[in-house]
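Those protein sequence lines, which keep their order, are chains A and B. So in the working numbering, spot 273 of the first sequence is number 298, and the numbers just go up one at a time. So in the working numbering, spot 254 of the second sequence is number 279, and the numbers just go up one at a time. Glycine is no exception: its CB is placed at the ideal position from the N, C-alpha and C atoms.
2 protein chains.
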Amino acid sequence: MERKSNRKRASTAAPAAPIQGRVAAKDLATRLGVATSTISRAFDNRSRISDEMRQRIIAMADEVGYRPNAIARSLIQRRSGIVALVMGDLKNPFYAEALEAFSLELQRAGRQLLLFVASEGSDADELMPQLLQYQVDAIVVTAARLSSRMSELCERQGVPVVCMNRRVDDPTVWSVCCDNERTGAAVAEHLVGNGRRACAFVSGDPNVSTTSDRLRGFERGLAAHGQRVAACVQGGYTYEGARAAAAELFADGRSDVDAVFCVNDVMALGVLSYLRTNTALRVPEDVAVVGFDDIRAAAHPENGLTTVRQPLGEMIDCVVRLLDEGRPQGSLSQALREIPGRLVIRFTA
Amino acid sequence: MERKSNRKRASTAAPAAPIQGRVAAKDLATRLGVATSTISRAFDNRSRISDEMRQRIIAMADEVGYRPNAIARSLIQRRSGIVALVMGDLKNPFYAEALEAFSLELQRAGRQLLLFVASEGSDADELMPQLLQYQVDAIVVTAARLSSRMSELCERQGVPVVCMNRRVDDPTVWSVCCDNERTGAAVAEHLVGNGRRACAFVSGDPNVSTTSDRLRGFERGLAAHGQRVAACVQGGYTYEGARAAAAELFADGRSDVDAVFCVNDVMALGVLSYLRTNTALRVPEDVAVVGFDDIRAAAHPENGLTTVRQPLGEMIDCVVRLLDEGRPQGSLSQALREIPGRLVIRFTA
């Protein structure tokens, strides 16, 4: 207590010597000759305060070693500023790009990202007990499944949930994704328009909306021209899985398949690799290959992959806006935000 | 209060109807007929409790909607279970793989990962003020720089800092990395041993240890055979930067360079791409290419990249162990953990 009262006596004009031990907001306020509430506002990005005053306070805080206790604040405000992100499949560059962009966007809004990675083959459920111990303001789930039981648990605790790049059949959860069905149809249109007559599909998990919606659209687009999907093989979302799928489709070069639509770019690159290293088939002359996502590698000159560009920036903006909306209150369709994707034509189709 | 006393009257044999609103540990203890402290232990992965009891408690907690408040607990224990990870460059799959592995490892230990992404060209410093507001138990920094001023600030707050895949000149901060200098020398040995006579180096930031240590080793390895680095060009850690670097090295096919060592795999793939799409030079007959990291794409059949495998699993184990060690107390060399890397020879060198 002795040290504390010493600190209090420091005049506002005192040189900014570091204060040892934990520094209180009051100490800093005294040094600067401002109210304690002004100190709090300087550290809350949502508060109004002049840039000049904020910078002055932060500079002095750095010098004396003051940091507001966000954890204590969250108990009072019942708002931690923490958003939990549950994700699987960081092996897919699309999700790594999404994570980077989402993280930067949250930081800009003065919020923090608590990351939970769903291990392979598991779903978001097993992570929820640990996750709900933190007073997260909202939960974003991507590349992982959320059961209805867990969605109920979040609802009971009043925590909003947003699924990104997933459409879930649950009106209490927001879904933000690309208009997968329409873009799936656009891919079929493009292939048929270029004379393709036997279009195959390399799928991910058929129970996941990104796969089922794209396939439904692809089937619809082909049907409009009297065609059906020539073959549908499982690629498990991975490069290796897609190479195996291609081996199945083009065994001994006997296949009449002249186009392959893959449910993501990682698999399209696997199919391209197989065709180039294991067959004499030429891309696109003999076989067209189309992906989905438009990851950076799609544009690399040795790939030149024709693909669907997912509107990642817009999807993330939409997710961030929904974080403040609470849980959706209306119908299933009102809980869905679909953002248009765009076919990017390069050299493989 | 009315509702609360109703809940208290619920007998231990009551069916597990959900309790509306926030449920206290005491309510759950009453239902199960156990002590409140037993409930706490069930949710603390570091506490001893039988698996059976833990599962019984967690199952009942799920049913009635109880969650311990980790935030409140952290204020009492002055230990939040949260580890902050500051990282740049999620575009590099090596760091995406590192993030996934690190995250899974922390979860296994019952700890959470608060992620901070350093935007391009910035360093970890600008994130520290926001980060230190959370009662993080430790900070891990990777692919981002930490200034000595910020290291001091962390020291004053008693927060240990571990740099991963970076060697920093600061004895108060742990550094965990591959033995970059020795492996750099091993790459030179391999190239010279295969008759290469003009070995170039494609670098990242020369002020970062991963670049400077690998280059120093490479120079030493070449010097042992009377050679010097034939050319040193900047690739900026990116695929695009490396293509530009290769364009510089092999302008109009006039270069006599017969080997290129790149400071990461992403750049090695950029150099390979340039050689294959923009020159008539054959790999490895005319030019050998070596990378560093051994990301998944290095092993893809169309790449077959010779590279140095970073011991990612061991590096992460080491980082996780150091989180509980506090800040290093000895010399600079005692704060450094170097783990052997290994040359993986495929088809490009």
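Spatial distance of Lys29 of chain B from Leu138 of chain B (CA atoms)
Because the pLDDT at Lys29 of chain B is just 41, under 50, the model does not fix this residue reliably, and the value given afterwards should be weighed accordingly. Approximately 35 Å, taken between the alpha carbons.
Going along the chain, which residues of the segment 114–130 of chain B sit with their C-beta nearer than 8 Å to a C-beta in chain A?
Leu115, Lys116, Pro118, Ala121, Glu122, Leu124, Glu125, Ser128, Leu129
Does Arg32 of chain B have its Cβ less than 7 Å from a Cβ in chain A?
Residue placement at Arg32 of chain B cannot be trusted, given a pLDDT of 41 that sits under 50; what the coordinates show is reported in the next sentence. Answer no: the Cβ-Cβ gap between Arg32 of chain B and chain A never drops below 7 Å.
Span of the beta strand (DSSP E) around Ala248 of chain A
Run containing Ala248 of chain A: none in the beta strand (DSSP E); it sits in the alpha helix (DSSP H), 234–248.
Can you tell me where the alpha helix (DSSP H) with Leu152 of chain B in it begins and where it stops?
It is not in any alpha helix (DSSP H) - Leu152 of chain B carries neither H nor E in the DSSP assignment.
Bridge partners for Asp318 of chain B per DSSP, in chain order?
B:Arg334
Ala163 of chain B versus B:Arg79, B:Lys116, B:Val198, B:Ala211, residue with shortest Cα-Cα distance:
B:Val198
Three or more C-beta pairs closer than 8 Å, one from the segment 278–296 of chain B and one from the segment 164–176 of chain B: is that the case here?
At 8 Å Cβ cutoff, the stretches do not touch.
Quick one, are the C-beta atoms of Leu124 of chain B and Ser128 of chain A less than 7 Å apart?
no
What whole-angstrom Cβ distance do Leu157 of chain B and Val193 of chain B have, given they're in contact under 8 Å?
Not quite, the Cβ-Cβ distance comes to about 18 Å (not below 8 Å), so this is no contact.
For Phe317 of chain B, count neighbouring C-beta atoms within 10 Å of its own C-beta (all shown protein chains included) and say buried if the count is 16 or more, exposed if not.
buried
Any C-beta of chain B under 7 Å from that of Asp309 of chain A:
This sequence places Pro at residue 309 of chain A; Asp is not what is there. No, Pro309 of chain A lies away from the interface with chain B (no Cβ there is under 7 Å from its Cβ).
Contact list for the segment 342–362 of chain A against chain B, Cβ threshold 8 Å
none
Taking CB distances under 7 Å as the criterion, tell me whether Thr332 of chain A reaches chain B.
no
Three CB pairs or more closer than 8 Å across the segment 237–244 of chain A and the segment 252–267 of chain A
Flag = yes, the segment 237–244 of chain A and the segment 252–267 of chain A touch.
At least one CB of chain A closer than 7 Å to the CB of Arg170 of chain B: is that the case?
no
Opening and closing residue of the beta strand (DSSP E) in which Glu363 of chain A lies
361–364
Pop quiz: Gly329 of chain B and Thr373 of chain B are said to be a contact at Cβ under 8 Å. What is the actual Cβ separation, rounded to whole angstroms?
6 Å
For chain A, find out if any of its Cβ atoms is closer than 7 Å to the Cβ of Gln335 of chain B; answer yes or no.
no
Thr304 of chain B CB to nearest chain A CB: under 7 Å?
no
Under 8 Å by Cβ, that's how I've got Arg191 of chain A and Thr235 of chain A pegged, so tell me the actual separation to the nearest angstrom.
7 Å
Anything in chain B within Cβ reach of Tyr264 of chain A, meaning under 9 Å, just list it in chain order.
Arg321, Ala322, His325
Interface residues of the segment 288–301 of chain B facing chain A [CB-CB below 7 Å]
Ser298, Arg301
Quick one: which chain B residues come within Cβ less than 9 Å of Gln132 of chain A?
Phe141, Val142, Ser144, Leu152, Gln155
Cβ pair Gly113 of chain A, Ala134 of chain A closer than 7 Å:
no
Take Asp52 of chain B as the anchor and find which of B:Arg346, B:Ser75, B:Gly90 has the nearest alpha-carbon.
B:Gly90
What does Thr167 of chain B pair with, by DSSP beta-bridge criteria?
Note: Thr167 of chain B is bridge-paired with B:Met112, B:Met189 in the DSSP secondary-structure output.
Residues of chain A with CB under 8 Å from Gly90 of chain B, in chain order?
Leu178, Arg181, Gln182
Per DSSP, the bridge partner or partners of Gln259 of chain A
A:Ser228
If I follow the unbroken beta strand (DSSP E) through Ser200 of chain B, where does it start and stop?
199–203
If you compare alpha carbons, which of A:Val108, A:Ala284, A:Ala84, A:Leu348 is closest to Gly218 of chain A?
A:Ala284
Who are the neighbours of Pro185 of chain A on chain B, taking C-beta pairs under 7 Å?
The premise fails here: Pro185 of chain A is roughly 16 Å from chain B at the closest Cβ pair, so nothing lies under 7 Å.
Residue burial classification, Ser105 of chain A (beta-carbon count within 10 angstroms, cutoff 16)
buried
Of the listed residues B:Ala126, B:Glu350, B:Leu115, B:Gln335, nearest to Arg321 of chain A (C-alpha basis)
Residue B:Leu115 is the option with its Cα nearest to Arg321 of chain A.
Pick helix, strand or coil for Ile64 of chain A, following the three-state DSSP scheme.
helix
Closer than 7 Å at the beta carbon, the chain B residues around Pro93 of chain A:
Gln158
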